[in-house]
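The next block holds one structure in the form of structure tokens; read it before the comments.
Residue numbers (our numbering), protein chains in the order written: chain A, 1 to 190; chain B, 1001 to 1364.
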């Protein structure tokens, strides 16, 4: 591993049923199509709707040694249980995208980190599909990190979304954009 | 030792696949005729994928009534000269040991994938490396060996599936792919196309109908005096040939290292990160990664032990491969073990701490 080479470790976590795995796969697919190295590791087994689910995505310029993320650079948390579990592990200078629709507490990260609170459920409902919470959050993440565009993610979406859900491509794309707009406005102090 | 090729340069052809599905597709590309399996986590994606794809290809897929049935179906299909495999996870692989011993006795080619989970017993479904003893010591009863691959990336799962089918046919032996829950579940970009393969002998021993030729007999029962001993000696010669020709291992900065970390499979990837960080901090560390677990890279490790180095073996178990490392080092250098059993995963920090403890005098 060369020092200072691009190396981004992400944990995405929430309830089973919130599309955590799809979000991770989309991030991985988008990064791969952009020519980067990538690993995607889901938690597996006992996950059911309403339970907890998480996945780890590593994106780098060189072959990735370790797919297991101990201390993530970025965290996307869609529920309170995930915040409590993963927030203490976030690296100093890291980024946390937090679904404030379901998280009513102030996060207490161990180190100095950037926290973007996104009312992802409300924004998804406004777009007409409450299932798009995950895409709103991912859009916000992509906007803040800037190494992949929302358009690239929208382009990769058909590759990871099962064919029977392809009718939801437009609303998912809109959700990615809405999340990015929200994060941009937030960061701009609006 | 093999040179690792940069498989990731052809970015446009890469597809994102989980290990289980990638190895299943690789088997189909390698010419698998018949798959038999019984579901168990964390390898269910293999059976599910095969149920769809083998049907699409017009080949044989059977979800057997048990693991015992699956391995004996493999025996039957292999006896007819077909390329065949089964897959399971630790408890299911234990159930298959009788059949694997019979395959060895009858010298039938087969590929068995073990996506390891924690044990003993039903254990749990978390990734583990605790079936090393079973895989590398034959596993069932009798004097026999299986070739064992310990891949560490999804791409290697694909590459060594191809090689596994070829080696099974070349040596008339069972080849075990020893993966774990991480490798089975994780997704990575892969290139699926078939790699150049070995020259394959004709299967003139197979049961294909004896019309116009002498009858072939496939058996593992050898009752006449001396018959089994003769078979055992024939197997021994075969195993020695495999030990001579088929060892695969990768190493990194071993020459000037004062500490060499030995690990395989997923653990080797975590070790790679830890060793890189140790180097950044000025510690002379290197690693050796056995790719074939049997035959074991005894010579490579033995050579590294010529000059005094500390050996640290890292596994997701209580210490199994470490015994082969000790045999290879043969008392020439200290061999230390660090492992996490039962689904625990050694972290980069834990391994780095261990490296520091062993190399920085004041930390000892």
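By construction, the Cβ of each residue, glycine as well, lies at the ideal position given by its N, Cα and C atoms.
Note that the coordinates shown come from a computational prediction; the quantities given were computed from them, not determined experimentally.
Alpha carbon of residue i to alpha carbon of residue j, nearest angstrom
i                       : j                       : result
residue 212 of chain A  : residue 55 of chain A   : Nothing can be reported for residue 212 of chain A, as the shown portion of chain A is limited to 1 through 190.
residue 58 of chain A   : residue 1257 of chain B : 29 Å
residue 44 of chain A   : residue 1042 of chain B : 8 Å
residue 1344 of chain B : residue 1295 of chain B : 27 Å
residue 1250 of chain B : residue 1209 of chain B : 45 Å
residue 1141 of chain B : residue 1229 of chain B : 15 Å
residue 1329 of chain B : residue 1262 of chain B : 12 Å
residue 71 of chain A   : residue 141 of chain A  : 17 Å
residue 37 of chain A   : residue 1019 of chain B : 16 Å
residue 116 of chain A  : residue 96 of chain A   : 6 Å
residue 121 of chain A  : residue 42 of chain A   : 23 Å
residue 1025 of chain B : residue 1035 of chain B : 12 Å
residue 1143 of chain B : residue 1094 of chain B : 17 Å
residue 1347 of chain B : residue 1340 of chain B : 10 Å
residue 1083 of chain B : residue 1112 of chain B : 12 Å
residue 1149 of chain B : residue 1106 of chain B : 22 Å
residue 1097 of chain B : residue 1232 of chain B : 18 Å
Interface flag, residue i vs chain B, CB-CB below 8 Å
i                      : result
residue 9 of chain A   : no
residue 186 of chain A : no
residue 44 of chain A  : yes
residue 40 of chain A  : yes
residue 67 of chain A  : yes
residue 28 of chain A  : yes
residue 25 of chain A  : yes
residue 94 of chain A  : no
residue 51 of chain A  : no
residue 70 of chain A  : yes
residue 32 of chain A  : yes
Own chain residues within Cβ distance below 8 Å of residue i, not counting five before or after
i                       : result
residue 1334 of chain B : 1310, 1311
residue 1009 of chain B : A caution first: residue 1009 of chain B carries a pLDDT of 46, below 50, which makes its placement in the model too unreliable to give a value.
Buried versus exposed call for residue i [16 or more other C-beta atoms within 10 Å across all chains shown]
i                       : result
residue 185 of chain A  : exposed
residue 24 of chain A   : buried
residue 1211 of chain B : exposed
residue 1193 of chain B : exposed
residue 4 of chain A    : exposed
residue 1287 of chain B : buried
residue 86 of chain A   : buried
residue 167 of chain A  : exposed
residue 62 of chain A   : exposed
residue 945 of chain B  : Since the displayed chain B opens at 1001 and closes at 1364, residue 945 of chain B lies outside it and no answer follows.
residue 88 of chain A   : exposed
residue 1119 of chain B : buried
Which of helix, strand or coil DSSP assigns to residue i
i                       : result
residue 99 of chain A   : strand
residue 1302 of chain B : helix
residue 66 of chain A   : coil
residue 1277 of chain B : helix
residue 1006 of chain B : Here the model assigns residue 1006 of chain B a pLDDT of 43, short of 50, so the residue's position is not dependable, and the following value carries that caveat. Coil.
residue 1250 of chain B : strand
residue 83 of chain A   : helix
residue 35 of chain A   : coil
residue 179 of chain A  : helix
residue 141 of chain A  : helix
residue 117 of chain A  : strand
residue 42 of chain A   : strand
residue 1138 of chain B : coil
residue 1114 of chain B : strand
residue 1316 of chain B : coil
residue 1178 of chain B : strand
residue 9 of chain A    : strand
residue 1047 of chain B : helix
residue 152 of chain A  : helix
residue 1060 of chain B : strand
Minimum Cβ-Cβ distance from residue i to chain A less than 8 Å
i                       : result
residue 1090 of chain B : no
residue 1040 of chain B : no
residue 1270 of chain B : yes
residue 1352 of chain B : no
residue 1002 of chain B : With a pLDDT of 38 at residue 1002 of chain B, under the threshold of 50, the modelled position of that residue is not reliable, and the figure given next carries that caveat. Chain A, which has no Cβ nearer than 8 Å to the Cβ of residue 1002 of chain B, makes this no.
residue 1296 of chain B : no
residue 1349 of chain B : yes
residue 1273 of chain B : yes
residue 1188 of chain B : yes
residue 1185 of chain B : yes
residue 1289 of chain B : no
residue 1345 of chain B : yes
residue 1016 of chain B : yes
Residue i: CB within 7 Å of a non-hydrogen atom of the ligand HEM
i                     : result
residue 27 of chain A : You won't find the ligand HEM in this model; it holds no ligand whatsoever.
Neighbourhood of residue i by C-beta distance below 7 Å, restricted to the same chain and skipping five residues each side
i                      : result
residue 132 of chain A : 124, 171, 172, 175
Residues near residue i in its chain [Cβ-Cβ closer than 6 Å; skip 5 each side]
i                       : result
residue 1091 of chain B : 1122
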